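Working notes for the structure below.
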Amino acid sequence: MTLRADVVVVGAGLAGLVAARELVAAGHDVLVAEAGDRVGGRTRSRRIGEVTVQLGGTFVGPGQDRVRRLARELGVTTVPTHHTGRQLLRWRGRLRSYPGLIPRLAPLALLDLDRTMRQFEWLAHRVPPGRPWLAPRAHRLDAGTLESWLRSIGAGRTTRELMAVVARASWGCEPGELSLLHALHHVRGCGGFSPMLDTVGGAQREHFAPGAHTLAERLAEELGDRVLLNAPALRVTWRRGEGVTVHTPRGDLGGRRVVVAVPPALRRTIVFAPTLPPRHEQLAQRWPQGVLGKVYAVYERPFWRARGLSGQTLADTGPVSSTFDVGRDPLGPGILLGFVGGDHARAFFGLPAAERRRAALGALRALFGPEAGRPVGYTDHCWGAEPFSGGGPTAAVPPGAWTRYGPWLASPVGPLHWAGSETADRWGGFMDGAVRSGERAAVEVRAAL
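Numbering of the sequence shown is given in UniProt numbering, commencing with residue 1 and proceeding in unit increments.
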């Protein structure tokens with residue numbers, strides 16, 4: 001089979017589907033080649049009995065205007081994430097509860113945490129969104145890690161450990177693996193720590209009532225038979241002025257332009273002929289995905305609410321470092337979502353399924369008591385095991401990568417354009433970033449055509 005269109009989009013996650021939708025609306029013929037047997041990329045659902053849970057992107061909040069607008073256009077509604085009650089902190093063997101975003105710690109530890117976050121956000125404010133390599137002292141910031149910076153400013157042990165919890169859930173890595181410049185750029189793109197981490201006024205404020213995967217499914221319904229599943233891009237051949245051909249097991253897809261909407265690390269799974277310029281090739285080798293997974297435990301009722309708890313927790317021991325209550329009905333079922341990232345995820349997802357369940361429920365039991373160890377349903381999922389995502393929730397960019405390769409992250413090569421949440425100037429790694437990147441790629445392609 002050989003098909004032709006104006007534009008071929010590689011990848012049917014939110015970025016690729018949004019790019020395709022925008023181009024179709026502008027009057028162009030589009031084909032979408034998806035490697036897997038479903039659309040949605042890093043949004044995906046799974047049934048646990050009568051309950052549907054979100055294995056990937058879940059939450060949405062203030063400032064994420066692009067994905068919220070898309071949801072309204074598609075008729076996908078949101079519901080508030082439950083936040084009423086006190087949060088729990090399991091720290092150094094002790095369990096304590098607290099209101100608000102900041103855990104109840106010793107006064108000196110709180111002062112140190114506040115000082116560190118203020119210094120971090122001051123540096124982040126000086127990083128240009130989408131162009132972090134132009135920040136003042138960019139090479140110096142990119143040469144170090146988040147961990148080395150914390151030690152350089154004398155951050156205390158408690159602050160360093162709390163930042164490790166943030167790193168595991170936000171980037172799927174440890175602070176010592178992550179470029180400081182990347183962390184600064186990421187937080188700047190979210191508007192600060194509070195918009196990125198908070199529930200009431202932040203990125204976890206709401207989640208989509210039918211699930212985030214519904215966005216991709218409705219986009220695909222609009223596009224109809226333009227979307228081809230089980231069609232991985234094996235090879236992309238192109239010549240300036242002569243168009244591009246995407247070779248898949250289902251046949252060749254020809255067009256004048258192509259949008260490659262996959263994580264940067266997965267660009268190297270595609271053979272480009274001619275080969276990409278050296279910086280583009282090297283970027284794909286040095287832009288790894290994080291290691292993150294989720295666990296879900298479903299209960300007949302949200303028993304923690306009756307005890308005045310919000311369901312939100314932080315813990316310094318693995319495997320589950322943070323949790324959220326994502327149940328909708330106060331009468332039940334109760335649904336706890338737990339994040340497992342970084343070194344905890346590497347150890348956890350190396351275990352057999354039965355041992356993973358035992359370890360995850362043990363962590364929940366240590367937080368919420370014996371009832372948490374008796375769910376009516378359980379599941380877990382590691383994004384590193386997904387062959388067409390390579391990990392998650394987003395890229396864990398190591399030192400040196402931004403200043404060496406950042407200018408080429410979203411820079412077109414001939415008829416080749418790039419999309420994906422990692423290429424967004426704001427909300428990178430979030431669903432909103434994916435939508436922004438798809439819109440930006442569509443603008444580039446329309447201008448080129």
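Idealized CB from N, CA, C, for every residue including glycine.
The structure presented is a predicted model; accordingly, all values stated were derived computationally and were not measured.
As assigned by DSSP and simplified to three states, the class of residue i
i       : result
Glu-206 : strand
Gly-211 : coil
Asp-37  : coil
Cys-173 : coil
Thr-81  : coil
Phe-193 : helix
Asp-325 : strand
Leu-223 : helix
Phe-272 : strand
His-28  : coil
Val-246 : strand
Arg-404 : helix
Whole-angstrom distance between residue j and residue i, CA atom to CA atom
i           : j       : result
Val-32      : Val-9   : 5 angstroms
Val-320     : Glu-147 : 21 angstroms
Pro-128     : Pro-398 : 19 angstroms
Arg-446     : Ser-97  : 53 angstroms
Gln-64      : Asp-198 : 14 angstroms
Trp-238     : Pro-412 : 13 angstroms
Arg-228     : Arg-358 : The question names Arg, but residue 228 in the sequence shown is Leu. If you take the alpha carbons of Leu-228 and Arg-358, they lie about 39 angstroms apart.
Ala-306     : Gly-391 : 36 angstroms
Arg-328     : Thr-52  : 12 angstroms
Ala-315     : Gly-100 : 16 angstroms
residue 470 : Gln-54  : The shown model of the chain, from 1 to 449, leaves out residue 470, and the question about it has no answer.
Leu-181     : Pro-132 : 7 angstroms
Buried or exposed by the 16-neighbour rule on C-beta atoms within 10 Å, applied to residue i
i           : result
Met-1       : exposed
Ala-395     : buried
Gly-369     : exposed
Leu-409     : buried
Glu-355     : exposed
Pro-80      : exposed
Arg-267     : buried
Val-262     : buried
residue 532 : Any property of residue 532 remains undetermined from this structure, which presents the chain solely from 1 to 449.
Ser-421     : buried
Proximity below 7 angstroms, CB of residue i to CB of residue j
i       : j       : result
Ala-143 : Gly-341 : no
Asp-325 : Gly-311 : yes
Ala-231 : Ile-270 : no
Thr-78  : Phe-272 : no
Asp-389 : Arg-42  : The sequence given here places Ser at residue 389; Asp does not occur at that position. Cβ distance < 7 angstroms, so Ser-389 and Arg-42 count as in contact.
Val-60  : Glu-217 : no
Ala-15  : Gly-255 : no
Val-236 : Val-246 : yes
Arg-46  : Thr-379 : yes
Trp-427 : Gly-189 : yes
Below-7 angstroms beta-carbon distance, residue i vs any chain E residue
i       : result
Arg-168 : Going by chain labels, chain E is absent from the structure shown, which holds only one protein chain.
Could you tell me which uninterrupted alpha helix (DSSP H) segments, each at least 4 residues in length, are contained entirely in the stretch 280 to 319, listed from first to last along the chain? 303 to 306
Complete alpha helix (DSSP H) runs within the stretch 102 to 151 (minimum length 4 residues, chain order): 107 to 125, 138 to 143
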